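In UniProt numbering, the protein residues as written are 1 to 332.
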């Protein structure tokens with residue numbers, strides 16, 4: 001039994017990880033979350049209180065972080081500002097959380113000698129051409145294209161520097177696009193699902209040709225736990241489930257799963273600097289650590305996600321109107 005500190009554990013992939021850990025291990029989890037708009041305390045409802053401690057706080061609060069690190073065995077760092085559109089509107093919070101926040105955590109890990117795992121994104125690698133057969137690997141050079149991906153790239157480099165310069169016991173994982181329960185309705189898949197539930201036509205950026213490599217949040221969680229348990233210190237592991245789909249196909253599949261005509265969506269103004277394609281080669285994780293995804297079938301994972309949003313409107317409804325008003329103001 002370990003005591004794990006999970007930063008951002010009330011956010012989308014962080015809360016899924018907390019659920020996964022409590023279901024599959026005997027570990028105790030302490031969650032540190034600022035509860036910005038993307039964090040939701042309700043995402044942790046129903047979990048056993050004797051194995052979960054929730055701390056409302058900021059990862060840039062060095063005294064708080066230091067106190068928490070003194071009482072844990074390992075830290076999994078999910079906390080991040082992570083929405084590309086928001087980073088284009090106001091980059092500053094991305095610098096504060098993704099750079100200064102990660103620095104604050106790394107300094108605490110150095111002082112206390114704690115195992116540290118850093119969660120990152122495939123967006124640090126930039127994008128690939130639609131007809132490029134290659135995929136991102138651990139050797140792919142960084143080429144971020146937005147304030148969000150640039151600050152995540154910066155946080156990755158900080159982790160690598162603290163490993164080399166100070167001997168921090170850290171690993172990094174870069175994951176492809178997640179989907180699943182507890183994802184904020186500003187994000188692509190839940191936005192379209194909740195639009196259909198509300199009787200609103202889904203919205204598709206541009207022609208919808210942009211490709212993302214989708215992975216269910218449960219599979220991301222199992223991969224992170226595998227790296228925490230078996231990963232080699234100083235190494236980076238790419239997490240993916242061979243789920244490449246273009247946005248048009250995803251919207252049409254959502255409509256089909258929800259009993260609507262496949263063409264019942266609207267094209268809207270494309271996002272500025274919209275990356276063309278992401279694709280993950282997770283060979284290293286699978287061969288060296290023995291990890292495999294559970295949801296090898298994207299359609300099955302998406303159907304389960306649709307069902308979750310149908311059954312949990314009370315969780316997502318409070319944010320829905322504000323999100324749609326924001327996008328409407330931008331013609332999206």
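Here a beta-carbon is modelled for each residue, glycine too, at the ideal position from N, C-alpha and C.
Note that the coordinates shown come from a computational prediction; the quantities given were computed from them, not determined experimentally.
> Counting only runs that start and end within the segment 64-138, where is the beta strand (DSSP E) found for 3 or more residues in a row?
Replying inline: 74-77 and 115-121
> Where residue 196 and residue 279 are concerned, what is the direct C-alpha to C-alpha distance, given to the nearest angstrom?
Replying inline: 28 angstroms
> When the Cα atoms are used, what is the spatial distance from residue 40 to residue 80?
Replying inline: 14 angstroms
> Mind checking residue 24: buried by the 16 CB within 10 Å criterion, or exposed?
Replying inline: exposed
> Applying the criterion that 16 or more other CB atoms from any shown protein chain within 10 Å of the CB defines a buried residue, is residue 329 buried or exposed?
Replying inline: exposed
> Where does residue 148 fall in DSSP's three states?
Replying inline: helix
> Given residue 162, which residues of its chain have a CB within under 7 angstroms of its CB, disregarding the five upstream and five downstream residues?
Replying inline: 106, 110, 168 and 170
> Do the segment 152-160 and the segment 191-209 touch if we need at least three Cβ pairs shorter than 8 angstroms?
Replying inline: no
>> What does the alpha-carbon distance come out to for the pair residue 232 and residue 240?
In response: 19 angstroms
>> Quick check on this structure: which residue in 322, 234, 21 and 134 has the alpha carbon closest to the alpha carbon of residue 166?
In response: 234
> What residue range is occupied by the uninterrupted beta strand (DSSP E) comprising residue 170?
Replying inline: 170-175
> Assuming residue 48 and residue 22 make a contact with CB atoms under 8 angstroms, what is their CB distance in whole Å?
Replying inline: 7 angstroms
> So is residue 309 buried or exposed if we call it buried at 16+ other beta carbons inside 10 Å?
Replying inline: buried
> Where residue 181 and residue 56 are concerned, what is the direct C-alpha to C-alpha distance, given to the nearest angstrom?
Replying inline: 22 angstroms
> Could one say the Cβ of residue 28 lies closer than 8 angstroms to chain C's Cβ atoms, at least one of them?
Replying inline: Of the protein chains in the structure, only one exists, and it is not chain C.
> What separation, rounded to the nearest whole angstrom, lies between the Cα atoms of residue 326 and residue 271?
Replying inline: 14 angstroms
> Hey, would you say residue 98 sits closer than 8 angstroms to residue 152, going by beta carbons?
Replying inline: yes
> Based on the DSSP secondary-structure assignment, which residues constitute the bridge partners of residue 5?
Replying inline: 30 and 75
> So residue 29 and residue 6 are in contact, right, with Cβ under 8 angstroms, and what is the actual spacing, rounded?
Replying inline: 6 angstroms
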